[in-house]
Structures are given as C-alpha cells and as structure tokens.
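Residue numbers (our numbering): 39 to 265.
Backbone N, C-alpha and C define an ideal beta-carbon position, used for all residues, glycine too.
Here is the structure we will look at, set down as structure tokens.
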Amino acid sequence: MIAGRDTTASTLTFATYALAMYPNIMAKLRAEVMEKVGPTRRPTYDDVREMKYLRAFINETLRLFPSVPFNVRDSVNATTFPPTSANDKPVYIPARTSIAYSVFLMHRRTDLWGPDALEFDPDRFLDERLHKYLTPNPFIFLPFNAGPRICLGQQFAYNETSFMLIKLLQSFDAVTLDEASQPSDSRIPSSWSTVPGRQAIERFFPKIHLTMYAHKGLWVKMREVNN
Numbered sequence: 039m040i041a042g043r044d045t046t047a048s049t050l051t052f053a054t055y056a057l058a059m060y061p062n063i064m065a066k067l068r069a070e071v072m073e074k075v076g077p078t079r080r081p082t083y084d085d086v087r088e089m090k091y092l093r094a095f096i097n098e099t100l101r102l103f104p105s106v107p108f109n110v111r112d113s114v115n116a117t118t119f120p121p122t123s124a125n126d127k128p129v130y131i132p133a134r135t136s137i138a139y140s141v142f143l144m145h146r147r148t149d150l151w152g153p154d155a156l157e158f159d160p161d162r163f164l165d166e167r168l169h170k171y172l173t174p175n176p177f178i179f180l181p182f183n184a185g186p187r188i189c190l191g192q193q194f195a196y197n198e199t200s201f202m203l204i205k206l207l208q209s210f211d212a213v214t215l216d217e218a219s220q221p222s223d224s225r226i227p228s229s230w231s232t233v234p235g236r237q238a239i240e241r242f243f244p245k246i247h248l249t250m251y252a253h254k255g256l257w258v259k260m261r262e263v264n265n
C-alpha cells in the first residue's frame, strides 16, 4: 500500500521541514490556526476549508517536495503532443511509447513559476502569481497527477495533512532541525553549500524510490506550547 500512506507521510515530513526552515511562515500559519479553531478545539471540515493559508502552505510543500517526484506514462495509441510555442510543430508519439517526466523539476522551473520558483513561499498560491502562472496553465502543478487518472485520494490527502498540521500547531509553537541527532551517514555533504539553487540551503538528504523521503528520517525538536 503506497497511496494514502507513504505519500501522505512524505508530505507531512516535508511540511515539518518547512516549519523548521521558515519560522516566520510557521508563525503566520499558527496564527491562522489559532484564529479559526483556537488552541484546543477539534477542527471541522468547514474549518479546514476556510484556512486558505494552510492550503497554500500544503500546496507549496507539494510544489517543491512532491511525494512522487517522477512518473511514467505509456501511450496506448499513436498520438501527438501539442507544440510548446507558435513556431514549433506537434510532437509525434508512437503507440506503446513510455514517456517519463519529472514533476520535481517541472515544479521548480522559472519559466513556469516565475523568477522566484526556487523560493518556499505559500503566498504564491494566494497573490497575483496564482493568476499569472497557475490559473492559465493548471497543469504546471501535478502533485496528484491530472486528467482521468488523477489521484483518487487527493481530497482525503489534503484533509488528512491539514488535520495533522492543525493539531501539531495547536500543541507546538516552534520546530527546529536537530542536526546533531541526524545519523552521520545521512548528513548533507559540505560540498552542497557551493551548489547553485536550493541544494545550497537544504538541510536534509533526499532519497527517492517511488516516493521521495528524508534519508534516515527528519530529526527535529519541537517546543510545546506553554498554556
């Protein structure tokens, strides 16, 4: 069983990582949780739907850290891909052709998401960037795939992730990476600091089988809310 377990666990891992890396975003997210449900109340379905910043945070986590970063599709019949620009021609795809694509790379392309594509910023799903990039081209965001074979558990995954994050933010007001506890064979190499892009700032070692995960786990410390 992968769908509904490994994928959600991956998303929650990277969501926790984002909380640790961006305390200002965590503070904003926790403020929304406190405003909507307070420190103890169990969130309802309507509560979750009204938390726009929470959904944006989850979407941004899925954009930069999609749980299934690569995928393959096979053509049943011969077909064509539309041209990517007015000067190009359609691309012919023979029948029984395997086509691999990377959601991970597509979600980080500056030509699709803008010059700040490598930055973790949930507001891109709320401000003018949403209407500039995603609204006219919704297929640039494929954490659940798309079309007739879109993930059947998409809304379940959103609700499960939302509920878990709300309960976490009700109980803890700070998350930090515990790099001292990270197993030595899963710590990031010092050479990463000179690599361009996000790799220079990442503090975990990603691994990919079918899903993406943190090698040897993501080790963190959380500060419990003092009520």
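8 Å contact criterion, which residue i and residue j should meet: CB distance rounded
| i | j | result |
| --- | --- | --- |
| residue 104 | residue 141 | 5 Å |
| residue 58 | residue 258 | 6 Å |
| residue 158 | residue 83 | That belief does not hold up - the Cβ atoms of residue 158 and residue 83 are roughly 27 Å apart, past 8 Å. |
Cα-Cα separation between residue i and residue j, rounded to whole angstroms
| i | j | result |
| --- | --- | --- |
| residue 113 | residue 56 | 37 Å |
| residue 169 | residue 218 | 42 Å |
| residue 215 | residue 99 | 17 Å |
DSSP beta-bridge partners of residue i
| i | result |
| --- | --- |
| residue 117 | 131 |
| residue 64 | Partner(s): none; residue 64 has no beta bridge. |
| residue 181 | 183 |
| residue 112 | 136 |
| residue 214 | 259 |
| residue 58 | Residue 58 pairs with nothing; no bridge assigned. |
| residue 94 | Answer by DSSP bridge pairing: none, since residue 94 is not bridged. |
Residue i, enclosing beta strand (DSSP E) - first and last residue
| i | result |
| --- | --- |
| residue 239 | That residue, residue 239, is in no beta strand (DSSP E); it is neither H nor E in DSSP. |
| residue 139 | 136 to 140 |
| residue 89 | Counting along the chain, residue 89 falls outside any beta strand (DSSP E), and DSSP gives it neither H nor E. |
| residue 259 | 258 to 262 |
| residue 252 | 250 to 252 |
Close-in-space but distant-in-sequence residues of the same chain around residue i (CB under 8 Å, 5 per side omitted)
| i | result |
| --- | --- |
| residue 138 | 108, 109 and 110 |
| residue 48 | 103, 105, 249, 250 and 251 |
Neighbourhood of residue i by C-beta, 6 Å cutoff - its chain only, sequence neighbours within 5 removed
| i | result |
| --- | --- |
| residue 196 | none |
| residue 148 | 155 |
Contacts around residue i, its chain only, beta-carbon distance under 7 Å, and the 5 residues preceding and following it disregarded
| i | result |
| --- | --- |
| residue 208 | 71, 77 and 78 |
| residue 235 | 156 |
| residue 256 | 51, 54, 55 and 242 |
| residue 278 | Residue 278 lies beyond the residue range present for the chain, which begins at 39 and ends at 265; the question has no answer from this structure. |
| residue 211 | 68, 261 and 263 |
| residue 198 | 46 |
| residue 118 | 128, 129, 130 and 131 |
Start-to-end residues for the alpha helix (DSSP H) that takes in residue i
| i | result |
| --- | --- |
| residue 196 | 192 to 209 |
| residue 149 | 148 to 151 |
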